[in-house]
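Per our numbering, residue 49 is the first one in the sequence shown, and the count goes up by one each step.
Even for Gly, the Cβ is constructed at its ideal location relative to N, Cα and C.
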Amino acid sequence: MKAVRKEEIATGAGDTFEEVMTRRFARRSFLKGALAGAPLLVLNPLQSVSTAEPLGSAAAAHSNGLTFTPISLSRTDDVIVPPGYSSKVLLRWGDPILPGAPQFYINSQSAEKQAQQFGYNCDFVGFFPLPRFRSNNSNSGILAVNHEYTNPELMFPGYSANNPTEDQVNIEIAAHGLSFAAIRNYPRRGWHFDIESPVNRRITGETEIDITGPAAGHPWMQVSYDPTGAHVHGMFNNCGGGKTPWGTILTCEENFNQYFANRSAVTDPAKLANLTRYGVTAGATERKWERFHSRFDLVQEPNESYRFGWVVEIDPYNPDFVPKKRTALGRTKHEAATVVIAPDRRVVVYAGDDERFEFVYKFVSKGTYDPRNREANIGLLDEGTLYVAKFNDDGTGEWLPLLLGEGRLTEEAWESQAYILINTRLAATAVGATRMDRPEDIQPNPVTGKIYGAFTNNTQRGTTGRPGVDEPNPRPANRHGHVIEWTEADNDPSATSFTWEIFILCGDPKVNLLTAEPDAPVDTETTYYAGFSSEDISPIASPDNVTFDGKGNLWIASDGLPNTLPGHDGIFAVPTEGSERGYLRQFLSAVIGSEVASLELTPNDHTLFASIQHPGEGSTLAAPSSTWPDRTFPRPSVVAVTKDGIGRKPIGS
Ligand code: FEO
Ligand code: CA
Ligand code: CA
Ligand code: CA
């Protein structure tokens, strides 16, 4: 990417960049003590203090339970965890998943085999306890794992990007989707996959999926192989996800646009505006699937792309369940969808749309959750209101409804609720939502109710012709990313207003980020860790997926460390409350070329599952940069991390 120089940053008022930044930070109370040039407090970890609260006893300082010895950034081609912990590869690309599935050999792969084996590029990981009615079991469960995308240059010997074969394309389609895998934790042997379990299942790019909710059947959803607009083949680019209280998975289609070719052949202005906003490929796609499957070619199948970009609900406990694309949740490049129940028992789903300057969403169901009626709950996400977030500069915010007939979404201009949902991004722009720095995971803290959103980075913020900085996105050319914390009015997740503050401005607190990379895009030189100041904070950048442990600590996986941070992506833990609020420490480091695409704790917090996605990315199978995990060729894999010794203990202790 071309470096962005300071003089290219739009300040909006004709002032110099330095003047604007000085003024902005001077009025931001959250940056007191973390301003440029302010000396860092250098303390022993046990004596660490927050600027917000005085130091209590050492025991009180660790009431969050995080006493592990942090690791450092690493460039080792292995998964590194703190002393006293072990990681084990649980599922790797190609592992047989269905009973009787063939063994995996990279030189004799087929689509038929791949459809029975663990897919490529594992992303979201969700643990669903077994049996279903002992819902807190932490030693036996179904692991649901998304397979976001494929790296054909690392899958096929001699792959030619200009001339992929039909077999290769069909293997890639079969390597997308999701795996359900039954796993068990044995007292001595640890975690193992049970291939004989009847719940094991593969969802691929060809699986029959229903389209439900308001957009089902709309004319834009109709194609030659499905004139009803209510059934589709497969799901693609499933990135993050979430779990419902009734035990289903929400798996989220993200960058679906890359699979569809020939936008430039479309002439209908409304359709062209939609395809352009979602970034559907103008000509041939890089993957070239359209050469073998007409549904990926807009010339031959003009509407197929509108049937992607949705949240899909699947019941892991029922292998015959037909997956449902829940259109009421909107059509974006969904990172994840996380669920919480409001006091009146309506279901609330938070979601980010992962692209520069896109939005944060929230769905509130019309019906209410009934813990005694699982079947009824499985239909709750088909009816409700989709909101989009407006973050005001004064620290308040509003949820703006995307409803036909409300505000600017007039019936004359927007036709139907189905049309609004298919065009979710355009409707959100029309109502004046806040354009954010790539919203990734958005998740409520189960202990405090506060919501945390990861804004991974946005190097275009404030550059020529692009939106400038604002209070919720305070860094020009934001390379390192940030985390926002917000509180819904009355702590009710169904509320339509909230207050918010910056929780973390990522980066290395010990490094002046402006001078660290002379040719790099401009960022601020300051970091901010909720006001906590210590030289022992682990540097982080590009926060992506998050989860919480039982004490309400935030666990963050990173995706893409810039050169200011010399190491691989990893997992980091940070208390959100108490005297160590903001004291972020690194727990895991991943392998060469990979990201940690997801992280999941068992209900008792004793096991951490992490997906190590795209190891070796940037290289080819002929000369792979990573040979993890088997010292042969890179294989995307899920690892299980546990504490060593007899008598298991929570992760982080
Ligand atoms: Fe697939 Fe937003 O990462
Ligand atoms: Ca999450
Ligand atoms: Ca990401
Ligand atoms: Ca992600």
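beta-carbon C170 near ligand 4 non-hydrogen atom, thresh 7 Å: What you label residue 170 is simply residue 122 of the sequence shown in a count that begins at 1. Not under cutoff, so the answer is no.
Beta bridge counterpart(s) of L298 as assigned by DSSP: On the sequence shown, position 250 is the one that residue 298 refers to. Looking at the DSSP assignment, L298 forms a beta bridge with G290 and E361.
Reduced DSSP secondary structure (H/G/I, E/B, other) of M153: Translated into the one-based positions of the sequence shown, residue 153 becomes position 105. Reading the sequence as shown, one finds Tyr at residue 153 and not Met. Coil.
For W462, the three-state DSSP class (helix, strand or coil): By one-based count along the sequence shown, residue 462 stands at place 414. Three-state result, W462: helix.
Cα-Cα separation, H224 to M269: On the sequence shown, residue 224 is found 176 positions in, with the first residue counted as 1. On the sequence shown, residue 269 is found 221 positions in, with the first residue counted as 1. Cα-Cα distance, rounded: 22 Å.
Proximity test, Q25 beta-carbon vs ligand 2 heavy atom, cut-off 7 Å: For residue 25 there is no data in the structure shown, the boundaries of the chain being 49 and 701.
Status (buried if at least 16 other CB within 10 Å, exposed otherwise) for A688: One-based indexing of the sequence shown puts residue 688 at position 640. The residue is buried, with at least 16 neighbouring Cβ atoms inside 10 Å.
Cβ-based burial, S96 [other Cβ within 10 Å; buried from 16]: Within the sequence shown, numbered from 1, the residue matching residue 96 stands at position 48. Reliability fails at S96, whose pLDDT of 31 lies under 50, so the model's placement of it is uncertain and no value is given.
Limits of the beta strand (DSSP E) - the one that R249 falls within: The sequence position of residue 249 within the sequence shown is 201, counting from 1. Start and end: R249 to I251.
Any non-hydrogen atom of ligand 3 closer than 7 Å to D485 Cβ: Mapped onto the sequence shown, residue 485 falls at position 437. Incorrect: D485 has no Cβ contact closer than 7 Å to ligand 3.
Given N425 as reference, the closest of D401, T444, L434 and V395 once Cα atoms are compared: Your numbering for residue 425 matches position 377 in the sequence shown. Minimum Cα distance to N425 is reached at V395.
Test item: CB-CB of A481 and L451 under 8 Å: In the sequence shown, the residue the question calls residue 481 occupies position 433. In the sequence shown, the residue the question calls residue 451 occupies position 403. Not closer than 8 Å, so no.
Among G288, E352 and V347, the one whose alpha carbon lies nearest that of R315: Within the sequence shown, the letter at position 267 stands for residue 315. The sequence shown places Thr at residue 315, not Arg. The option with the nearest alpha carbon to T315 is V347.
Bridge-paired residues (DSSP) for L139: As a working note, residue 139 is residue 91 in the sequence shown. According to DSSP, which records beta bridges pairwise, L139 is partnered with V686.
Any non-hydrogen atom of ligand 4 within 7 Å of G385 CB: On the sequence shown, position 337 is the one that residue 385 refers to. First, the amino acid is wrong: residue 385 is Ala here, not Gly. A385: no, Cβ never under 7 Å from ligand 4.
Three-state class that DSSP yields for Q162 in the structure shown: Translated into the one-based positions of the sequence shown, residue 162 becomes position 114. Q162 falls in the helix class under three-state DSSP.
Whole-number beta carbon distance between F580 and I119, since they are thought to touch under 8 Å: Position 71 of the sequence shown, counting from 1, holds the residue named residue 119. Position 532 of the sequence shown, counting from 1, holds the residue named residue 580. The pair is not a contact, with the Cβ atoms about 19 Å apart (cut-off 8 Å).
Short Cβ contact (8 Å threshold) for A385 with A376: Your numbering for residue 385 matches position 337 in the sequence shown. Your numbering for residue 376 matches position 328 in the sequence shown. No, the Cβ-Cβ distance between A385 and A376 is not below 8 Å.
Top-ranked residue by Cα proximity to T124, from S111, G615 and E628: Start at 1 with the first residue of the sequence shown, and residue 124 comes out as number 76. Cα-wise, what sits closest to T124 is G615.
Own chain partners of Y207 with C-beta closer than 6 Å, once the 5 adjacent residues on each side are dropped: Along the sequence shown, one-based indexing puts residue 207 at 159. Contacts found: P200 and E201.
Check whether I619 and A658 have beta carbons under 8 Å apart: For this step, residue 619 is matched to residue 571 along the sequence shown. For this step, residue 658 is matched to residue 610 along the sequence shown. Cβ distance < 8 Å, so I619 and A658 count as in contact.
Selection from D274, G598 and Y500 that minimises the alpha carbon distance to R355: As a working note, residue 355 is residue 307 in the sequence shown. From the listed residues D274, G598 and Y500, the smallest Cα separation to R355 is found for D274.
Sequence-distant residues of its chain with Cβ nearer than 6 Å to T198 (five each side left out): Counting from 1 along the sequence shown, the entry for residue 198 is found at position 150. The residues are Y168, E220 and A223.
For N92, the three-state DSSP class (helix, strand or coil): Counted from its first residue, the sequence shown places residue 92 at position 44. Its pLDDT being 30, under 50, N92 is placed unreliably in this model, and the coordinates cannot settle the point.
With 16 other Cβ atoms within 10 Å as the buried cut-off, status of V370: Stepping through the sequence shown from its first residue, residue 370 is reached at position 322. Under this definition V370 is an exposed residue.
Cβ neighbours of A723 in the same chain (closer than 6 Å, five flanking residues each side left out): Given a span of 49 to 701 for the chain in the structure shown, any question on residue 723 remains unanswerable.
Any non-hydrogen atom of ligand 2 closer than 7 Å to T595 Cβ: Walking along the sequence shown from the start, residue 595 turns up at place 547. Yes, since a heavy atom of ligand 2 falls inside the 7 Å radius drawn around the Cβ of T595.
Residue from G357, G282 and T292 with nearest C-alpha to F304: Translated into the one-based positions of the sequence shown, residue 304 becomes position 256. For the residues G357, G282 and T292, the minimum Cα distance to F304 belongs to G357.
The segment 486-497 / the segment 527-542 touching (three or more Cβ pairs under 8 Å): yes
Any non-hydrogen atom of ligand 4 closer than 7 Å to G288 Cβ: Residue numbering aside, residue 288 sits at position 240 when the sequence shown is read from its first letter. Checking every heavy atom of ligand 4 against the Cβ of G288, one is found closer than 7 Å.
D592: CB within 7 Å of a non-hydrogen atom of ligand 3: In the sequence shown, residue 592 corresponds to position 544, counting from 1. Because some heavy atom of ligand 3 lies under 7 Å away, the Cβ of D592 counts as near it: yes.
Assumed close pair L226, V193 - CB separation to whole angstroms, cut-off 8 Å: In the sequence shown, counting from the first residue as 1, residue 226 sits at position 178. In the sequence shown, counting from the first residue as 1, residue 193 sits at position 145. Rounded, the Cβ-Cβ distance is 7 Å, consistent with contact.
Pairwise C-alpha distance: P205 and V397: By one-based count along the sequence shown, residue 397 stands at place 349. By one-based count along the sequence shown, residue 205 stands at place 157. Approximately 42 Å, taken between the alpha carbons.
Cβ contact (3+ pairs, closer than 8 Å) linking the segment 644-660 and the segment 174-183: yes
Start-to-end residues for the beta strand (DSSP E) that takes in P317: Counting from one through the sequence shown, the residue named residue 317 turns up at place 269. Counting along the chain, P317 falls outside any beta strand (DSSP E), though it belongs to the alpha helix (DSSP H) covering P317 to R325.
As assigned by DSSP and simplified to three states, the class of Y553: Here residue 553 is taken as the residue at index 505 of the sequence shown, counted from 1. Looking at the sequence shown, residue 553 is not Tyr but Leu. Of the three classes helix, strand and coil, the one that applies to L553 here is strand, per DSSP.
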